[in-house]
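Numbering (our numbering), first residue to last: 761 to 1049.
Even for Gly, the Cβ is constructed at its ideal location relative to N, Cα and C.
Read the structure below first, then the notes.
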């Protein structure tokens, strides 16, 4: 995020500032030619900080639809002092920021194991509740906004949950740039932003291209599980249910699922239930080659 600060010239205040006296014995000020002249230092990014401005966006050339990424500056939030402390002490262990470095899952978790990516984990309610029920799985939670990740990180550390890691970034970009093809046992997408206005539907994360990308990251037999309480978004997803030929739609419920499907009620789900919204669940399995 960035802010614009108005320019202020030194002449605005020079009449009211007493100029310091300079002794004849003082060392001369460095000039441009002095090798010892002090150079300005570039600002070092904070832990877990995203680059300012609009996020980078991969230009896909497969003719499919992918979500448009908007500017992030409208989403702000602060951390509590305790969250800041936990962030500073633990982010380097548990977190990464979107980059072009493919994640070495075995090195990051210190073990081999089936890996699940949760896109848009929010504050991590589902993540931190489900991970202990899947102790043999490696869970990578993806979220753009630092306050949500800070809550998840605090809960992960406090509850000593060892199988959660986090990536700060856009879910599509993380899948494309940081996840190895055919490496995932599952992908989760719980209650994504429905972008209800028609002119914003292009921002919805569930698009034909997203389904193709998710399928490319799943192992054969891998599961994609999505849920929404927004009726129009559910219709949108239903229309895309059969669009990706490598994904097989599975009817809900699916007791035989190899991936945990039961989850606690998230904040957004609870909000929908309070409004008498129906919860719509969608499951796909990647077809065997």
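Can you check DSSP and say which residues form a bridge with residue i?
i: residue 875; result: 898
i: residue 927; result: 856 and 902
i: residue 1041; result: 987
i: residue 1009; result: 1044
Excluding five sequence neighbours on each side, which residues of the same chain lie with their C-beta closer than 6 Å to the C-beta of residue i?
i: residue 1042; result: 986 and 997
i: residue 926; result: 854, 855, 901 and 909
i: residue 817; result: 829
Between which residues of its own chain and residue i is the CB-CB distance below 7 Å, once the five residues before and five after are set aside?
i: residue 1006; result: 975, 1046 and 1047
i: residue 837; result: 905, 906 and 907
i: residue 973; result: 932, 935 and 936
i: residue 893; result: 1020
Mapping DSSP to helix, strand and coil, what is residue i?
i: residue 851; result: helix
i: residue 862; result: coil
i: residue 908; result: helix
i: residue 841; result: helix
If you follow the alpha helix (DSSP H) that residue i is in, where does it begin and where does it stop?
i: residue 868; result: 865–869
i: residue 947; result: No alpha helix (DSSP H) holds residue 947; the beta strand (DSSP E) holding it covers 944–950.
i: residue 889; result: 885–890
Ends of the beta strand (DSSP E) at residue i?
i: residue 972; result: Element bounds for residue 972: not the beta strand (DSSP E) but the alpha helix (DSSP H), 968–977.
i: residue 1033; result: Taken as a continuous stretch (DSSP letters only), residue 1033 belongs to no beta strand (DSSP E), being part of the alpha helix (DSSP H) at 1027–1034.
Can you grab the Cα-Cα spacing for the pair residue i / residue j, in whole Å?
i: residue 734; j: residue 1020; result: Limits of the chain in this structure are 761 at one end and 1049 at the other, which puts residue 734 out of reach.
i: residue 937; j: residue 990; result: 29 Å
i: residue 859; j: residue 934; result: 8 Å
i: residue 1074; j: residue 826; result: Because residue 1074 is not part of the residues shown, which for the chain are 761 to 1049, the question remains open.
i: residue 923; j: residue 871; result: 10 Å
i: residue 839; j: residue 1034; result: 28 Å
i: residue 979; j: residue 1049; result: 10 Å
i: residue 882; j: residue 1010; result: 26 Å
i: residue 851; j: residue 929; result: 14 Å
i: residue 943; j: residue 958; result: 35 Å
i: residue 820; j: residue 914; result: 36 Å
Using C-beta distances below 8 Å, list every residue in its chain close to residue i, excluding the 5 sequence neighbours before and after it, in chain order.
i: residue 886; result: 878, 948, 950, 1023, 1024 and 1026
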